[in-house]
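Take a look at the structure below.
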Amino acid sequence: MDATGTQRTPGTTVLVVDDVAASRYAMGAVLSRAGHQVVPVASGGEALVELDVRLRDGTLPDVALVDVGLPDMSGFELCRRVRARPPMAALPVVHFSAAATAPGDRCRGLDAGGDAYLTVPAEPQEIQAVVRAAVRGARRSTGAETAVHRLTLLSEAIVTVQTARCPRELAAAAADGTARLTASPAVVFVIGPDGEPYRGTARCRPAPADSGAHQAAARLVTRLAEGRTGVHSTVVPAPLWPAGMFRPGVEEDARLTVATAQDGRTAVCLATPVRRAAIIDPAADGLLARLAQACALAAEPLLLYRVERHVALTLQHSFLPQPHKLPHLPGVDIVVRYVPASRQTEIGGDFYAALRTGEGVLIAVGDVVGHSLDAATVMVEIRHALRAYCVTESDPVVLAEQLDRMLQQYHSDITATVCLALVDPGSGRVRIANAGHIPPLILRAEGGAEYVDACGPLLGLGLERPAPTEMYLDPADRLLMVTDGLIETRGIPLETSLEQLRTAAADAPAGLDALCDVLLGCFGRDREDDIAMLALRLGPV
50 MDATGTQRTP GTTVLVVDDV AASRYAMGAV LSRAGHQVVP VASGGEALVE LDVRLRDGTL
110 PDVALVDVGL PDMSGFELCR RVRARPPMAA LPVVHFSAAA TAPGDRCRGL DAGGDAYLTV
170 PAEPQEIQAV VRAAVRGARR STGAETAVHR LTLLSEAIVT VQTARCPREL AAAAADGTAR
230 LTASPAVVFV IGPDGEPYRG TARCRPAPAD SGAHQAAARL VTRLAEGRTG VHSTVVPAPL
290 WPAGMFRPGV EEDARLTVAT AQDGRTAVCL ATPVRRAAII DPAADGLLAR LAQACALAAE
350 PLLLYRVERH VALTLQHSFL PQPHKLPHLP GVDIVVRYVP ASRQTEIGGD FYAALRTGEG
410 VLIAVGDVVG HSLDAATVMV EIRHALRAYC VTESDPVVLA EQLDRMLQQY HSDITATVCL
470 ALVDPGSGRV RIANAGHIPP LILRAEGGAE YVDACGPLLG LGLERPAPTE MYLDPADRLL
530 MVTDGLIETR GIPLETSLEQ LRTAAADAPA GLDALCDVLL GCFGRDREDD IAMLALRLGP
590 V
């Protein structure tokens, strides 16, 4: 309030558009005495130029007072042009005129997008009141739009967090959402029960990786979360927060929003730089709390799945013989490869086997349907069952039937694919039983590659199996068996991927190791599923 009891609006900038110098001066004097900063211009064109300059500088006025009768365009036309430009559309416009005002003029002003209409001369209190009302209305509208925008950003961030496939993806998504909500750099830590931190950054220019600083920040977050559940916020002064986390070499206070999951063992921290003595926006603080809580809820199953994946990979590496530990099988040379999925949340059931039987060498490549710890454990059971059945049986069709009955008996809700091939090293005769798997690919010594015409139903369905497919290998021929993780890609038909594999294999250099390495180099990068591969060639009997 001033001495007369009039409410002031400090820091308000008013653009006055009037072609009459005396009127501009008079209007400017009234507004200046009320504490406003006045920007006078004499025409609509000058007003548009001034607004363009201020838009680039980020100093748009808070309100525009526009004379209806300008020399180059009407005040109504100027208002329409301002409204047509999105960055300026929220600028409140008050029309005024010294001429007699008809109701139609007021209607034209409002239809053009004006917020009010003044007839001058007017009492100073009336001019000031109209300006204050226009500014208040614009700020309420801008505040509502800002709230809606922030809620939209929060919703988008939560959706992205909930679709993260691993803790690192979650931390990166949370950091991006935090940065967008606060319009500032952000660092996010996701810390699981084992204390290992997963970090994500957004809008930061961090110094070269400093694991010590990251570990120090993670330990601080762990201490803040210890013994608490729910969400809480705090400001950590620069001496306690590692320097350079947001900008290289800069010590900054950090505002931490920490959410702890219900089990008390998983913590998520959203960190942003904050100026000392800065006023915290309660609305923004609340949005960050909701995002942190959503992150903590999403992190729990991902961290649990990570433990399952570690167990599954341990099973797979324990029970799949490593290439250098393959059993010696007279009469054949065999090379194998196993590559876990690149996605950390995928646990596969891919396997290979090479076994000695009474009638030759049995090779197998298969895949338990699904991605879970159950798939990995069933894979182990299938390999052990196949090994046991081979003691008394060599026929690949009979072996497939026995595996099928085993799945029906003990895992009725699980299916699997497998390709079994019995190789007689002496004659080169190969008998193949295929249970829903990619058929073997034969690479002939004279060049070219072709798939064996062998098919049959998946294991676990109890369906009748066809007779084995028979073929012969020459000494320089190579037989390749793979799981679909090598080539299967979303959006690409399997037939197309199979043809790409056939072409690449036909062009690969001679040798089993070279064949496998070339195919992994072509197809095996960043796959969403595990890959098992076995290549065989006849050798000395």
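My numbering puts the sequence shown at residues 50 to 590. Idealized CB from N, CA, C, for every residue including glycine.
Straight-line Cα distance separating residue j from residue i
| i | j | result |
| --- | --- | --- |
| Arg-514 | Ile-487 | 16 Å |
| Leu-336 | Thr-278 | 18 Å |
| Arg-290 | Ala-348 | Correcting the residue type first, residue 290 is Trp in the shown sequence and not Arg. Using only the alpha carbons, I get a separation of about 24 Å. |
| Val-63 | Gly-226 | 36 Å |
| Ala-258 | Thr-250 | Reliability fails at Ala-258, whose pLDDT of 49 lies under 50, so the model's placement of it is uncertain and the value that follows must be treated cautiously. For Ala-258 and Thr-250, the distance between alpha carbons rounds to 12 Å. |
| Phe-238 | Gly-534 | 32 Å |
| Ala-178 | Val-90 | 22 Å |
| Glu-495 | Pro-246 | 55 Å |
| Ile-463 | Gly-560 | 37 Å |
| Val-112 | Ala-345 | 44 Å |
| Gly-77 | Val-115 | 12 Å |
| Val-69 | Ala-165 | 21 Å |
| Ala-310 | Thr-426 | 29 Å |
| Ala-303 | Ala-228 | 13 Å |
| Ala-482 | Leu-269 | 59 Å |
| Met-428 | Ala-206 | 38 Å |
| Asp-106 | Ala-147 | 33 Å |
| Met-122 | Tyr-74 | 21 Å |
| Leu-512 | Gly-415 | 18 Å |
| Val-501 | Arg-551 | 12 Å |
| Ala-267 | Arg-248 | 9 Å |
| Gln-457 | Gly-505 | 17 Å |
| Pro-517 | Leu-507 | 15 Å |
| Pro-474 | Ala-503 | 20 Å |
| Pro-286 | Pro-135 | 40 Å |
| Asp-51 | Gln-211 | Its pLDDT being 46, under 50, Asp-51 is placed unreliably by the model, and the measurement read from it follows with that caveat. About 54 Å. |
| Glu-300 | Ala-274 | 23 Å |
| Val-440 | Ala-265 | 57 Å |
| Arg-217 | Val-280 | 21 Å |
| Leu-585 | Gly-241 | 44 Å |
| Val-87 | Ala-71 | 15 Å |
| Ala-498 | Val-447 | 28 Å |
| Asp-526 | Asp-423 | 37 Å |
| Asp-14 | Val-531 | Examination of residue 14 is not possible in this model, given that the chain is present from 50 through 590 alone. |
| Val-567 | Ala-553 | 8 Å |
| Arg-493 | Thr-545 | 22 Å |
| Thr-283 | Ala-235 | 15 Å |
Strand pairing of residue i, partner residues [DSSP]
| i | result |
| --- | --- |
| Phe-572 | DSSP, once it has assigned bridges, lists no residue as partnering Phe-572. |
| Glu-499 | Ile-491 |
| His-85 | His-85 is not bridged to any residue. |
| Asp-409 | It should be pointed out that residue 409 corresponds to Gly in this sequence rather than to Asp. In DSSP, Gly-409 forms a bridge with Thr-406. |
| Asp-382 | Arg-586 |
| Ser-282 | Thr-306 |
| Ala-251 | Ala-235 |
| Ala-482 | Leu-469 |
| Leu-508 | Ala-465 |
| Cys-318 | Phe-238 and Val-307 |
| Leu-528 | Ile-491 and Leu-585 |
| Phe-400 | Gly-415 |
| Pro-246 | Ile-240 |
| Glu-519 | Arg-480 |
| Val-388 | Ile-580 |
| Thr-62 | Gln-86 |
| Val-323 | Asp-302 |
Expected contact under 8 Å - CB spacing of residue i and residue j to nearest Å
| i | j | result |
| --- | --- | --- |
| Leu-583 | Ile-412 | 6 Å |
| Leu-543 | Glu-537 | 7 Å |
| Val-66 | Gly-94 | Incorrect: roughly 10 Å between the Cβ atoms, too far for contact. |
| Glu-642 | Arg-480 | Residue 642 cannot be examined here, being either before or after the span of the chain that is shown, 50 to 590. |
| Ala-213 | Ala-224 | Incorrect: roughly 12 Å between the Cβ atoms, too far for contact. |
| Leu-203 | Leu-305 | Between Leu-305 and Leu-203 the Cβ distance is about 18 Å, and since that is not below 8 Å, they are no contact. |
| Ala-308 | Gln-342 | 5 Å |
| Asp-399 | Asp-579 | 4 Å |
| Ala-465 | Gly-509 | 6 Å |
| Met-137 | Leu-119 | Not confirmed; about 17 Å, so no contact. |
| Val-384 | Cys-565 | 6 Å |
| Gly-124 | Val-117 | 4 Å |
| Thr-209 | Thr-321 | The pair is not a contact, with the Cβ atoms about 18 Å apart (cut-off 8 Å). |
| Gly-477 | Leu-587 | 6 Å |
| Ala-403 | Leu-378 | 6 Å |
| Val-33 | Phe-145 | Residue coverage of the chain in this structure runs from 50 to 590, which leaves residue 33 outside it and unanswerable. |
| Val-143 | Val-180 | 7 Å |
### Uninterrupted beta strand (DSSP E) stretches inside the segment 95-182 (no shorter than 3 residues)
112-116, 142-146 and 165-168
### Query
Per the contact definition of three or more C-beta pairs closer than 8 Å, is the segment 468-477 in contact with the segment 486-503?
yes
### Task
Quick one: which unbroken beta strand (DSSP E) runs of 3-plus residues sit fully inside the segment 417-471? Chain order, please.
none
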